[in-house]
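The sequence shown begins at 32 in the numbering used here and counts up one residue at a time.
Yeah, the Cβ is synthetic: ideal placement off N, Cα and C, and Gly gets one too.
For clarity, every value in this text was computed on a predicted model and none was experimentally measured.
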Amino acid sequence: MSRIVSVWLPRWPILRILATQAEESSGRPVNPDRPFVLAVAAAGGPRIAALNEAAEIAGLAVGEPLADARAKAGFLQVRAVDEAADDAALRRLALWATRYTPTASPWDEENGADGFFLDIAGAAHLFGGEERLAADLYSRLAKFGLPARLAVADTPGAAWALSRFRAAPFAVLPSGEEAAALASLPVAALRLAPETRTALRRLGFKSVGALLDKPRAPFAARFPAALLRRLDQALGRVDEPLVPVVAPPLYHSLRYLIEPIFTQEAVVALASRLMQTLVRVLARDDVGARALRLCLYRVDGAVETIAIGLTLPTRDVCHVVRLIDLKLEALAAMQNAGFGFEAIGLAVTRAEPMAARQTELTSIAEDTGAADRTERCAALVDTLRQRLGPQSVRRFEAVASHIPERAEVLTAVTGETFQLSPPARGRSAVEDRRVGVESGTDMTPPRLAYSMLADPPLSGEGTGCDGEASTAGPEPEQKRPLLLLPHPEPTEVMALVPEGPPRRFCWRGATYEVKGTQGPERIANEWWRSGAGCRSSELTRDYYLVEDADGRRFWLFREGLYGRETSSARWFVHGLWT
C-alpha cells in the first residue's frame, strides 16, 4: 500500500522569482513588500497569473486583467510568467526531496504545477513515523523560504485535496478514511476543469460529499469522464501512477550526516561505505551494478547528481569508488559544495545478472582465464570513459565488406563489446595468446589483432612468371597493417614488369627502395552492389606488403588489371606497419 505526501507551495512562482533574485543580481529588483504580480498573455490582454500577499491585500486577484490591476494599485510591480524556469526549479526541489524517499514526482499542470508528491511507503520509519517526516520536511522548506502545506494519505488525490483545502500546516490521514475526509471539501478538491466545476455548482453540487452517494450513470452521461475518474482516484478505486523526477532505483543506500562535509575525500569515503552496503544486496540477488547514481544533498537545498555508467556489471567496490573519484574531479562538483553536503545517496539504477565465481581458492600460478581479462579490459574502458567522456572511447566493428576501408566502422564501446564469444576461426590458441586474448574471448578490433601477429616473412618476388596472382593457397586470415590510412594516397612506383611487384616507389616526397615483397592479395570490387546506388566503377586491386632498406613496411596496391580494366594502372599506399 502506498502512502503519499502531497506538498503544496502557495505562491510558488512568486517565491521562485524572489529566491532567484536573492542569488543573482538583477537590474530591476523586486520589492517583496510592495504589490507584485506575474502576468500571462490571454485573450483581451494580459491577466494576473500569480501575486504576492501585498497585491492580494490591495484587492487584486488571480485572473484579473492587468489593466484593471494597475488602476487599483498605484505602484504595481509586474513580471512575465516563465513557466520553463518554474518547472525546472520545481524539478530541482523534487530531486532534493528524494532525501526522504526515492520516489518524488513534481506536479504537472493539471495538479497546479506548484508542488510535488512523495511516496513514503517503507521510508517513514527512518524518520520516526509519518508525522515526524512531515514535520521535518515542513521545517526544512520553511528554512528555504518556501512555506508549504502538507498532507499524507493513501492516494495522491486525497493527499492533494487535503494539502490545498485544509488550513493545517500538515495533516496525516489514516488509511481507509478518504471518503470521510473529502466529504466536507469543495468540488475543486477533485482537480476538475473550471467548466466542470462551474456546471456542478450550478446544479447544486458544492461539496465532494454531495457526489459520493449519487448514481454514477447521470454524471457519466452529462459530464466528462474526468469527473468520475478523479473521484475514483481520490478514493483509491482507480490507481494513479506517479511519474518520478528521476528513474526509480533498483537498489538504494542513503546516509544522513550529523555534520556537513565539504571535501572530495570525505565524499569518496562515504560513497565507499554505501557501495559496500549495496554489494551485499547485489551478491544476494546474483546481480551486478551496470549504472549508478550518486546524489549529494547540499544544506541549502540544492542537489549534485553524478551518473556512473559501467561497461560490465560489477560488484567491485574499489572500481566503482575510483570512477566516482574521477567523476568528481572531472565535473568539479566539490567547488559547488556551498555550505556542505548533509546527506549522500548511492543508487543502482540498472542491474544485470552476474554469475557467482570462485575467487578464494584459485591458485596464484593458475591462469585466471578470459573472464578476468575481460573484466580488466572493461575496467580500463570505464576509466577512460570517465576521463575522456562516454563518446570518446570507441572500437572498430567489422562490416560485411572485403574492401579494406569499408570493412570496419568506429562505434561506441558498450557492454556487448565484452561479451564472451567463441574462438575466431582460422587462429590457433597460441595465436590467440599472442594477440592478447584467451580462448573464448576476442576483444581486440580486427585490424589491431592482425597487426599484432608476428611479422609475415617477405621474399624477393611475389608473383608468378605470368604476372598473375600467386596460386599458393590463401592464408586462414590475411594480415592487415596497424595503421590503415583514411584514404589511399597515390604513389609513383617502378616495377620490373607491368604486373609485377614494386621495386621502388615515391610517396610524400620521399623515395623508398624495396628489399622484399609479399603478395599480391587480389581484392575485386563488390560487383553485387552495383546498380543499387553503390559505386560500380571500382577496379580490381592487387595488394603488396613491401619492406624498404630500413625495415619499414608499407601496404601498397595496384588499381586495375592490365588489358582488362585499364591500360595504365595506378598505385596507392594504403597502410603502414610499425
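May I ask you to list the residues that DSSP assigns as paired with residue i?
| i | result |
| --- | --- |
| Ser284 | Leu377 |
| Thr542 | Cys537 |
| Gly146 | Trp39 |
| Gly547 | Glu578 |
| Ser136 | Phe148 |
| Ile434 | For Ile434, which the question treats as bridged, DSSP gives no partner whatsoever. |
| Pro96 | Arg78 |
| Pro384 | Val318 |
| Thr345 | Ala320 |
| Ala429 | Glu439 |
| Phe603 | Pro521 and Phe588 |
| Cys326 | Thr336 and Gly376 |
| Arg553 | Asp573 |
| Tyr131 | DSSP lists no partner for Tyr131. |
For residue i, count neighbouring Cβ atoms within 10 angstroms of its own Cβ and tell me buried if that reaches 16, exposed if not.
| i | result |
| --- | --- |
| Ile45 | buried |
| Pro519 | buried |
| Trp586 | buried |
| Arg59 | exposed |
| Ala102 | exposed |
| Gly606 | buried |
| Gln264 | buried |
| Arg527 | One detail in the question is off: residue 527 reads as Leu in this sequence, not Arg. So Leu527 counts as exposed. |
| Ala600 | buried |
| Ala202 | buried |
| Val440 | exposed |
| Glu141 | exposed |
| Val430 | exposed |
| Tyr543 | buried |
| Glu499 | At Glu499 the pLDDT is 44, less than 50, meaning the model places this residue with poor confidence; the figure from the coordinates comes in the next sentence. Classification of Glu499: exposed, given that the 10 Å Cβ count is below 16. |
| Thr51 | exposed |
| Gly420 | exposed |
| Val93 | exposed |
| His433 | exposed |
| Asp139 | exposed |
| Ala104 | buried |
| Ala559 | Correcting the residue type first, residue 559 is Trp in the shown sequence and not Ala. So Trp559 counts as exposed. |
| Pro532 | buried |
| Thr442 | exposed |
| Ala72 | exposed |
| Arg437 | exposed |
| Leu411 | exposed |
| Ala409 | buried |
| Phe372 | buried |
| Leu243 | exposed |
| Ile88 | exposed |
| Leu216 | buried |
Measure the CB-CB distance between residue i and residue j and report whether it falls below 8 Å.
| i | j | result |
| --- | --- | --- |
| Ala116 | Ala125 | no |
| Pro63 | Leu82 | no |
| Val239 | Leu204 | no |
| Asp150 | Leu273 | yes |
| Phe370 | Val330 | yes |
| Ala219 | Arg233 | no |
| Glu596 | Thr571 | yes |
| Phe427 | Ala368 | no |
| Phe536 | Thr548 | no |
| Leu341 | Asp403 | no |
| Arg425 | Val444 | yes |
| Arg315 | Leu301 | no |
| Asp118 | Ala144 | yes |
| Ala338 | Arg321 | no |
| Leu281 | Thr380 | yes |
| Val183 | Glu208 | no |
| Glu271 | Pro200 | no |
| Pro279 | Pro133 | yes |
| Leu164 | Ser284 | no |
Kindly give me the distance between the Cβ atoms of residue i and residue j, rounded to whole angstroms, as I take these residues to be in contact under 8 Å.
| i | j | result |
| --- | --- | --- |
| Glu383 | Gly319 | 6 Å |
| Ile289 | Leu327 | The Cβ separation is near 16 Å, so there is no contact. |
| Val351 | Met306 | 5 Å |
| Ala128 | Phe147 | 6 Å |
| Ala257 | Ala224 | 7 Å |
| Ser33 | Ala210 | Not confirmed; about 17 Å, so no contact. |
| Val310 | Val269 | The pair is not a contact, with the Cβ atoms about 40 Å apart (cut-off 8 Å). |
| Trp602 | Arg589 | 5 Å |
| Arg261 | Leu221 | 4 Å |
Would you say the region 182-200 touches the region 37-56, given that touching needs at least three Cβ pairs under 8 Å?
yes
Stretch pair the region 542-559 + the region 569-584: three plus CB contacts closer than 8 Å:
The region 542-559 makes contact with the region 569-584: 3 or more CB pairs, one atom from each, lie closer than 8 Å.
Should the region 65-72 be regarded as contacting the region 92-106, the criterion being three or more beta carbon pairs within less than 8 Å?
yes
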